[in-house]
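Protein chains in written order, with UniProt numbering: chain A, 1 to 250; chain B, 1 to 248. All C-beta atoms in this analysis are idealised placements derived from N, C-alpha and C, irrespective of residue type, glycine included.
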Amino acid sequence: MAREQLLTRVFVELADTLVADFDVIEFLHLLTERCVQLLEVDQAGLVLADQTGRLRLVAASSEQTRLLEVFQLERDEGPCLECYSTGRPVVAADLAAARDRWPAFTEVALRRGFAAVHSLPMRLRDQVIGALNLFQAEPGALDTDSAALGQGFADIATIGLIGERAAREQALLSQQLQTALNTRVLIEQAKGMIAERAQISVDQAFTAMRTHARNNNHKLTDVAAAVTRGDLVLDQVTPGGRRNTDGQRK
Amino acid sequence: MVIKDEGRAARVWALIAGFAGAEAVSVGHVCRAAVPVTGTDGAALSLVTAPDRRTLLHATDGAARRLDDLQFGLGEGPCVDAWRQGGPVLVADLGSVEAMARWPWFAASAVEAGAGALFAFPLQAGAIRPGVLVLYRAQPGLLSDEQLADALVFARAALTVTLDTVGSDGVEGRSTPVASGWLGQDRAEVYQATGMVAVQLDAGLDEALARLRAHAFTTDASLAEIAQQVLDRVLRFTPDGTGGSDAE
């Protein structure tokens, strides 16, 4: 499919998701997946700042540990943190040449197979609430069109996350951000519970939860909440992440 | 609202420790430290298990107590909403048309009780949400960005102290500011491990987190290291054990 057609399709899909009562984490997850497809990068992840200004991952194109580990480091140094601090895009087209700039981050990112990173700010007026990060396995900068499209994705993520009303009201903005960050914690807890019950990895547990949400037309957040309450067990998961029962408690 | 300040949590903990002096830190110290820093007139902290089930742990004055009583008595108000929704609810003017429309019973009573503005912060870590911290002002007015950022850290501190001092049966609690290690280390693997340990113990997530923290404390390891051992499946917890036990 031509890129333009693909772009149209993605735009419609994202707009469709942004209806009343949508699941913000699922929306952001979808957005990062589409970034990977459209911008031809290998991984994408969104970070938001918490109450002390530390960056926390809220959604990623994959929940692979190797990616999460890289984000963990972004709390202390890295393109993402720099982008958040300055409010400007940060491009590291060749991480191997950026060792002096971010020694610890570069070492882990390279070891985990990432050669280039783009970090794009999630801006709201004069504030920066987080950043969209694009990882590539090969060195190289995005072309102008892709970079602009990437920034468009970061802006859509911002609006999708906080909503039109919260964009105008500081109190609501704070509520939306805190709720999104807490939802992420809830999902991690649910991943752990499923991983232990089904004896699978936390990555597979996430896939199981997401698949269950999609198949049953439930919100990912609701599925995670049901898991933590003990209302949903999801212990019948094969290592491939596919369910072989509906996962409901018998 | 998002202010980059790595030292904020440390500063807030130091303030709380100052109020505690030689005593173990309690939620009372958290409330009392929060009031001047956030430019409010009073604070209250309640344990909440359902919108109509709460236990007031501390109120800095009579109005704070009354505001807390009213909300849970009436079953409506910013605290009830904050607990349900999992995010702060900030009301700059309780006498406004919006506030009166949203909480008709509570807003009128709150103004009568002497409150102009009210800010409710849930104590939460994912599905663990043991209570709500509420701050009020006699006069209407928003929290400044700085005050809001501080208030969020106070809510975090209140969560830590609450989990320590009101632990589940059989789990000893320590309420030393040393525990602030967890406050700052909000890492994914800690929450994943919390979920795993809850299943191993067949217990709540709050108890699982308490056990993880206790184990980190007694083995002199960081919570992140202990969490990683659980994720790597080299450390398991058993319901009768006092700490973690190595697998096999």
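Self-check item: Supposed close pair B/L123, B/V132 - CB separation, criterion 8 Å
Solution: 7 Å
Practice problem: Assign B/G141 to one of two classes, buried (16 or more other C-beta atoms within 10 Å of its C-beta) or exposed (fewer than that). | Solution: exposed
- Task: With a threshold of 16 other CB atoms inside 10 Å of the CB of B/E23, please say whether the residue is buried or exposed.
- Result: exposed
Grab me the residues of B/C79's own chain with a C-beta within less than 6 Å of its C-beta, minus the 5 sequence neighbours each way, in chain order. Q71, A120, V132, V134
Whose Cβ in chain B lies nearer than 7 Å to the Cβ of A/R197?
-> V199
- Taking the alpha-carbon positions, what's the A/D23 to B/A155 distance? 25 Å
Exercise. What residues from the region 59-83 of chain B come within 9 Å of chain A, judged by C-beta to C-beta, listed N to C?
Worked result: A82
When the Cα of A/I162 is compared with those of A/G113, A/R34, A/P79, A/R125, which residue comes out closest? A/R125
Whose C-beta lies closer than 7 Å to the C-beta of A/H29 among residues of the same chain, with five residues either side of it excluded?
-> A59
By Cβ distance, which residues of its chain are closer than 6 Å to A/V36, with the 5 residues on each side in sequence left out? A44, S61
Do you know whose CA, among A/L120, A/A137, A/L173, lies nearest A/A148's CA? A/L120
Exercise. How many Å lie between A/A225 and A/R184 at the Cα?
Worked result: 11 Å
> Can you name the residues of chain B whose CB is closer than 9 Å to the CB of A/V202?
Replying inline: A188, E189, Q192, G195, M196, L231
Any heavy atom of the ligand FMN closer than 7 Å to the CB of A/V117? Ligands in the displayed structure: none, and consequently the ligand FMN is not present.
- B/G141 versus chain A: which residues are under 9 Å apart at the beta carbon? Residues of chain A passing the Cβ test: none, with the nearest at roughly 12 Å.
- Cβ shell of B/V178 (< 7 Å), same chain only, five flanking positions each side left out: For B/V178, the pLDDT reaches just 44, beneath the cut-off of 50, and the residue's location in the model is therefore unreliable, although a value from the coordinates is still provided. Answer for B/V178: no residue qualifies.
| Within the 8 Å Cβ cut-off, does A/S174 reach chain B? | yes
**Prompt:** Of the choices A/A104, A/R9, A/G230, A/T221, whose alpha-carbon is the least far from that of A/D21?
**Reply:** A/T221
Next on the checklist: Which of the three DSSP states is assigned to A/N133 in this structure?
Outcome noted: strand
Candidates A/L186, A/L81, A/I200, A/A195: which alpha carbon is nearest A/R229's? A/L186
| task | Compare the C-beta of A/A116 with all C-beta atoms of chain B and state if any pair is closer than 8 Å. | result | no
Could you give the distance in angstroms between the alpha-carbon of B/S26 and the alpha-carbon of A/V233?
-> 36 Å
Checking contacts by CB at 8 Å: is A/N182 closer than that to chain B?
yes
Exercise for review: Return yes when the Cβ of B/A188 is within less than 8 Å of the Cβ of B/L212, no when it is not.
Suggested key: no
Partners in chain A for B/Q85, counting only beta-carbon separations shorter than 9 Å:
Q175, T179
>> Just to check my reading of the structure: B/T60 and B/V35 have Cβ atoms closer than 8 Å, yes? What is that Cβ distance to the nearest angstrom?
In response: 6 Å
For B/A247, count neighbouring C-beta atoms within 10 Å of its own C-beta (all shown protein chains included) and say buried if the count is 16 or more, exposed if not.
The pLDDT assigned to B/A247 is 47, lower than 50, so where the model puts this residue is not dependable, and the model offers no usable value.
Ignore the nearest five residues each way along the sequence and tell me which others in A/V223's own chain have a CB closer than 7 Å to its CB. M209, H212, A213, L232
Can you give me the Cβ contacts of B/L15 inside the same chain, cut-off strictly under 7 Å, excluding the 5 residues immediately before and after it?
-> A33, V37
Report task. Please list the partners that A/A208 has in chain B, where partner means a Cβ-to-Cβ separation under 8 Å. Result -> None at all; the shortest Cβ gap to chain B is about 13 Å.
| query | When the distance is taken between beta carbons, is A/T52 closer than 8 Å to B/V153? | reply | yes
Applying the 10 Å Cβ sphere with the 16-neighbour rule, what's the burial state of B/E225? exposed
Can the beta-carbon of A/R54 be found closer than 8 Å to that of A/L181? no
Please go through the same chain and pick out, in chain order, the residues whose beta-carbon is closer than 7 Å to the beta-carbon of A/T32, but skip the five residues on each side of it. A44, G45, L46, A59, A60, S61
Counterpart residues of B/P122 in DSSP-defined beta bridges: B/V132
Review point. Among B/L47, B/D164, B/D150, which one has its Cα closest to the Cα of B/G7?
Key: B/D150
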